[in-house]
Amino acid sequence: QQPVQSPQAVILREGEDAVINCSSSKALYSVHWYRQKHGEAPVFLMILLKGGEQKGHEKISASFNEKKQQSSLYLTASQLSYSGTYFCGVRGTTSGTYKYIFGTGTRLKVLA
Amino acid sequence: DGGITQSPKYLFRKEGQNVTLSCEQNLNHDAMYWYRQDPGQGLRLIYYSQIVNDFQKGDIAEGYSVSREKKESFPLTVTSAQKNPTAFYLCASSQIGVDTEAFFGQGTRLTVV
């Protein structure tokens, strides 16, 4: 039931690009992306809604394929500050509830 | 400033003891959540609540209990029935809605010895 993210971990050099994927077995109303530094609280990056609307970070983009129940996060020209663990969050689809579950996480490390 | 506060940051308990983790928010959010984080397993949902005096089990509720007597507070009790309680626990809150983000506390690292 927990969304599956891929890859599990990735190492980049500064300036390189990365793509992180999130795949759910259930239909999604929205996908949310967060970044967490070690030992800290996750920080909101962006929300993608059905129909293509996006809200969030200016320098990070993402896509949401409603039919495939997948989302991808695109990190371009990575900076050292992008290091951390990325999570996708999805809202439950059962009517009347807003169960909020997160993916398995992707560890990203950017090297100088 | 509005936010969500978890306390304590670090907690040590002996095996077999119940322990309660505190979570308070002053964001006027209706929904609150508890997650457990273990290395390599992401965030797993323990319990969630959308309204005072009501809460639902998440994916790993066994060995945990919660209460929601006030809108601002959602304490989590880790009982002796939880077989492997050592973990990092995160509390979050949000407004109700598919387009609303969650705000997280700084977490409590629980170690059971």
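The listed protein sequences correspond, in order, to chains A and G.
Under the numbering used here, the first residue of the first sequence is numbered 97, with each subsequent residue one higher.
Under the numbering used here, the first residue of the second sequence is numbered 10, with each subsequent residue one higher.
Virtual Cβ for every residue (Gly too), placed ideally from N, Cα, C.
Quantities reported herein were computed from a predicted structural model and do not represent experimental measurements.
- The distance from the Cβ of Y170 (chain A) to that of V115 (chain A) is about 6 Å, consistent with a contact at the 8 Å cut-off.
- For a Cβ distance threshold of 8 Å, residue set Q115, G116 of chain G lies close to E136 (chain A), ordered along the chain.
- In chain order, L54, Y57, Q65, G67 make up the part of chain G whose C-beta sits under 8 Å from the C-beta of K195 (chain A).
- Interface annotation, Q34 (chain G): not in contact with chain A, CB-CB separation never under 8 Å.
- CA-CA distance, E110 (chain G) to G111 (chain A), rounds to 29 Å.
- Boundaries for V61 (chain G): no beta strand (DSSP E) harbours it, and the DSSP string shows neither H nor E there.
- The residue from G:I13, G:R22, G:S16 with its alpha-carbon nearest to that of V121 (chain G) is G:R22.
- L141 (chain A) carries a strand assignment under DSSP once its states are collapsed to helix, strand and coil.
- Taking C-alpha positions only, Y125 (chain A) is separated from G148 (chain A) by approximately 11 Å.
- Counting other Cβ atoms within 10 Å of its Cβ, K79 (chain G) stays below 16 and is therefore classed as exposed.
- In this model, S76 (chain G) and F64 (chain G) are separated by some 8 Å (Cα to Cα).
- Considered as a whole, the segment 115 to 139 of chain A harbours 126 to 132 as its complete beta strand (DSSP E) runs of no fewer than 3 residues, in chain order.
- DSSP places Y178 (chain A) within a helical segment (H, G or I) once states are collapsed to three.
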